[in-house]
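Before any comments, here is the structure.
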């Protein structure tokens, strides 16, 4: 017996088409792109926030637990810094790791003006951002945030993301964060459309996707949370052919997950080998990778007037880049099935290169990452994209990397790449980013800019 | 600079079409469907396997570890039975759980005869199968298997699954197993096509998908491993419309994953509360759910001549079923976003009902599962599918459930279902089963038979 019901098309390019129109719209209905950096600087000045390094003893409500040495907040909320023991095939290591099991919301509100989708972006201060205030999603909220563990004010616009009607949701997917620093962290990446009037607070601006893409050409302007949300949105199917079919790509990925035997177990921070703790930091004895430090944040303009917190600081700037080639006229990037100890499931697709080069500088310290020199030594006319971005400023201090998309050739990046690497099209990467845990957060930053970079830059 | 290269179509219905043709082929080129049960019985007799319950003290090489009480093999391989502590919102419990982190291969070899795909199915004995020998994939191999931790013989046909060429792979996806009994277990579900000659050992037969679907109408004939592999294969897009678009379905699923706060941590088996250990079993004090027992297996016909092992035995038979409705002429089943403590990520889509009813029999013991009575009390003409299947006989003893697909109506299963439930089409379920961790193993059994059941049975 068939019941009458309102059915909808299972798939449709409708959302992708509207996003593509917004991407093609270079100027918005409300704010000129050129004004945005100044507007961010204004908020920086008005906030007058000062971030200072402090000793762990200066942390308020945070302390090392007497039994485990884990760094935790007295409320038991926010996050903890614990130890992680990773066994991976032959290799094995221990490290500090941020544990924050709750799922946060990274949400961007969308609304049509003059027939074009605009996105409500926020001038948001995060203590770890090198320039403090960056263009951020409408909402960045951990559960602690919106249940007010801060004791702070309400999160603006949050109500739009808590129970949207299905037809308002343009994207909603759980995505992983940095597997080298976070233990199995995932956030909900959402874009929700409103049609009614939305009051626009001073720290928010409606921008088209085209404007945001333009701003993504500037160093340290668009924050990580905004980048990952935009990368999660559906793109128009750009190409119907590729070096691998979609199912062959999935089969390759399954093989990569299956061949890596990774066991990661949490352990007491105080017991991790190869790391040392002093008054100001937990750091590796050999000085590589990152350290755990503490900061105080003073000023206005956030949920609370001032606070202290532990934060992770990479020792040097990173390089994150995709090698890019045209095969038979179709763009492909070289993805790497990368193991990170904090991934929920072993490997995710990462950029061709993702490293801090100085970690590999001492002769014989460790093998230099594949393809790093191919990207760094490329002639300028082959660089389609080169911009410095920092990672999530709420947890990472000055975690800057140069994000690159570089056109390469058969000599440096062969059609048949080495094991663990696979050529994928931008469309395939976007398709996989519509599901959880295929595309890592660094690759998502590059995915967010990929189409625009390939259209705009380089000489093909 | 564009490099010449051989590109392929990203997507194509080619594999799905060939599988659909095989499903429509009621008899195969080599073996009549009607002969298969007799052939399985023959192997049962020839194997002459005897499975006996033994006390834990009778286990060979297996023992409770002195420190944790975990049940483990002296080699450190195969699997362990440990404790699990699950905290889920308000509820909290402890239980034994099988820990087997290695990824196994469940592989079916495919080959065309007379233009139709046939699948090489095995008459395989597993000690936990109620009738010992069932129709199984070509290969069921844990890493311990194929690295010979058994000290046994080689796994036949395994070589076809270790490094297939991309164009030979019809499906290859990591799928979860029982989250109530396994800790984060996943297996690789593969179908690999060969074109050369393949020697067919006596315990193997080439069958069409149509033959296997016919056999899936019989109780305890097709084993779980075969069912999940078949469910993972791509089906033809059956419908283009649904109550929810694919992206709305994903957004709903993301919301379900995000709203359940589940924390599961392994703990020593000896410390789990609410369970008791005697000479023969580890069981719940209230007798519900399952127990851990030990068996000896004697006879021939497997990798090794005889062995002992611990095994999980549910206390009673289960009921697993989908409520099914036509909306505007399009079939939908009611999926449940189900939390299981052993899932790698919180929830997966399960059938409408998945339970052992006797666990809920004692008045007031616990709330009766939603929709259970709607399925059990349906009039016979509404039952599209009703067959008893058992779960993986290598780990579960007599774990039988009645698998049901039952046509329901607005009164019992409303168009707007309660939170945690969602109407999905068979095509949507198949689409999600092409990725990891969306569709649980019980739902995959029903997915394997869904199209055939809806075409063949019930009165619509």
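Protein chains in written order, with full-length UniProt numbering: chain B, 1 to 460; chain A, 1 to 460.
From the three backbone atoms N, C-alpha and C, an ideal C-beta is built for every residue, glycine too.
Query	Result
8 Å CB neighbourhood of residue 444 of chain B in its chain, flanking five on each side removed	175, 227, 228, 231, 232, 433
For residue 102 of chain B and residue 330 of chain A, the rounded distance between their alpha carbons	38 Å
Neighbour flag for residue 174 of chain A against chain B, beta carbons, 8 Å	yes
Residue 507 of chain B vs residue 12 of chain A beta-carbon contact at 8 Å	Lying before the first or after the last residue shown, residue 507 of chain B is absent from chain B, which here runs from 1 to 460.
Inter-stretch contact at 8 Å, needing at least 3 Cβ pairs: the segment 157-168 of chain B / the segment 421-441 of chain B	no
Proximity test, Cβ basis, 8 Å: residue 101 of chain B and chain D	The structure shown contains no chain D; its protein chains are B and A.
Cutoff 8 Å: residue 435 of chain B Cβ touching any chain A Cβ	yes
Close beta carbons around residue 318 of chain A, own chain, < 6 Å, minus the five adjacent residues each side	356, 401
Span separating the alpha-carbon of residue 85 of chain B from that of residue 347 of chain B	17 Å
Chain B within 8 Å of residue 15 of chain A, Cβ atoms only	yes
Chain B contact for residue 413 of chain A (CB, 8 Å cutoff)	no
CB contact check: residue 11 of chain B to chain A, cutoff 8 Å	yes
Proximity test, Cβ basis, 8 Å: residue 179 of chain A and chain B	no
Proximity test, Cβ basis, 8 Å: residue 333 of chain A and chain B	no
The segment 303-314 of chain A / the segment 383-397 of chain A touching (three or more Cβ pairs under 8 Å)	yes
Per-residue contacts from residue 236 of chain B into chain A (C-beta, under 9 Å)	Within chain A, no residue comes near residue 236 of chain B; the closest Cβ sits about 14 Å away, beyond 9 Å.
Helix, strand or coil at residue 125 of chain A [DSSP, three-state]	strand
Rounded straight-line distance, which links the Cα of residue 446 of chain B to that of residue 337 of chain B	16 Å
The segment 137-144 of chain A touching the segment 115-126 of chain A, judged by at least three CB pairs closer than 8 Å	yes
Residue 3 of chain B at chain A interface by Cβ criterion, 8 Å	yes
For residue 398 of chain A, three-class secondary structure by DSSP	coil
Chain A contact for residue 327 of chain B (CB, 8 Å cutoff)	yes
Three CB pairs or more closer than 8 Å across the segment 377-391 of chain A and the segment 199-215 of chain A	no
Rounded Cβ spacing between residue 398 of chain B and residue 128 of chain B (contact assumed at less than 8 Å)	7 Å
Stretch pair the segment 208-218 of chain B + the segment 409-416 of chain B: three plus CB contacts closer than 8 Å	no
Assigned secondary structure, residue 272 of chain B (DSSP; H/G/I helix, E/B strand, else coil)	coil
Cross-chain neighbours of residue 383 of chain A in chain B, by beta carbon under 8 Å	Chain B residues near residue 383 of chain A: none, gap ~14 Å exceeds 8 Å.
For residue 174 of chain B, the first and last residue of its enclosing alpha helix (DSSP H)	Where residue 174 of chain B is concerned, there is no enclosing alpha helix (DSSP H), although the beta strand (DSSP E) it sits in stretches over 169-176.
Residue from A/58, A/23, A/1 with nearest C-alpha to residue 279 of chain A	A/58
Rounded Cβ spacing between residue 201 of chain A and residue 156 of chain A (contact assumed at less than 8 Å)	6 Å
CB contact flag (residue 421 of chain A, residue 335 of chain A, <8 Å)	yes
Any C-beta of chain A under 8 Å from that of residue 251 of chain B	yes
Backbone secondary structure at residue 181 of chain A - three-state DSSP	coil
9 Å Cβ cut-off: residues of chain B touching residue 25 of chain A	Within chain B, no residue comes near residue 25 of chain A; the closest Cβ sits about 22 Å away, beyond 9 Å.
Closest residue to residue 134 of chain A among A/81, A/47, A/170 (Cα-Cα distance)	A/47
Cβ-Cβ distance between residue 533 of chain B and residue 451 of chain B below 8 Å	As shown, chain B starts at 1 and ends at 460. That puts residue 533 of chain B outside it, with no answer to give.
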